[in-house]
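These notes are about the structure you will find just below.
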Amino acid sequence: MAPSLSFKSFSLTLAAVGFTGITPPGGGARAVPPLPVVPTAFDADPIGGRIGDTTGSIDPLILKRSPDGLFYVTAAVNGVPVRFVVDTGANVVVLTGADAAAAGVTGSATAGRSLRTAAGAAPMRWATIARLTVGDHAITGADAAIVGDNGPPHSLLGQSALARLDSVTLRGNRLQLR
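Taking my numbering, the leading residue of the sequence shown gets -19, the next gets one more, and so forth.
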């Protein structure tokens, strides 16, 4: 039997493109209960994936490891498809400048800080994603960082979204988001 790692038991770093040392606006550790994950039901998935049911249950989304060793998922940011690397080592969702612009996500007026990535330091702006839909999971009000050209090549699905799911489970070459 393959070992199973559960998101709720401890964090697992999946991607070297993640970053550390960044906390959302408002500072460090917060004792704020997470906003609910709202089940969604589709007649047809707007980003070309599974068709959701109308019973209100949330089906797990199972991702296969790509040849580069990472897990990718296409999620809808404010209704616009965005390709993400699932990165449990990232504190927040990170959007590339192009993905943020396409989805209509605007950040603070000025760059807040630099974040450290595998590619080096990149200026970033804080933002809030109104609605992020991953499979059958809809998350509202997720903290995000918008990075410029020096940031990671893909947007990152980090803890500000992953922590709002029931579980993130890695088994071999499959990652399950529930």
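Note that CB positions come from ideal geometry on N, CA and C, so glycine has one too.
Pairing D123 with L95, the inter-Cα distance amounts to about 15 Å. Between the beta-carbon of R63 and that of H117 there is about 17 Å, and that puts the pair past the 8 Å contact cut.
One thing to note: A83 has its Cβ no nearer than 7 Å to the Cβ of V53.
Taking C-beta atoms under 8 Å as the contact rule, V74 and A143 fail to qualify, at a distance of about 15 Å.
The DSSP-derived three-state label of S135 is strand.
Per DSSP, G128 lies in no beta strand (DSSP E) segment and is marked neither H nor E. The distance from the Cβ of G115 to that of G77 is about 25 Å, inconsistent with a contact at the 8 Å cut-off. Separation of S88 and M104 (C-alpha to C-alpha, rounded to the nearest whole angstrom) is 9 Å.
Runs of beta strand (DSSP E) with 3 or more residues, each lying fully within the segment 36 to 84, are found at 41 to 44, 52 to 57, 60 to 66, 73 to 76, listed in chain order. In chain order, V62, S135 place their CB closer than 6 Å to the CB of D79, counting only its own chain and leaving out the 5 sequence neighbours on each side. Under the DSSP definition of a beta bridge, T113 partners with A56, A118.
Under the three-state reduction of DSSP output, A143 falls in the coil class, being neither helix nor strand.
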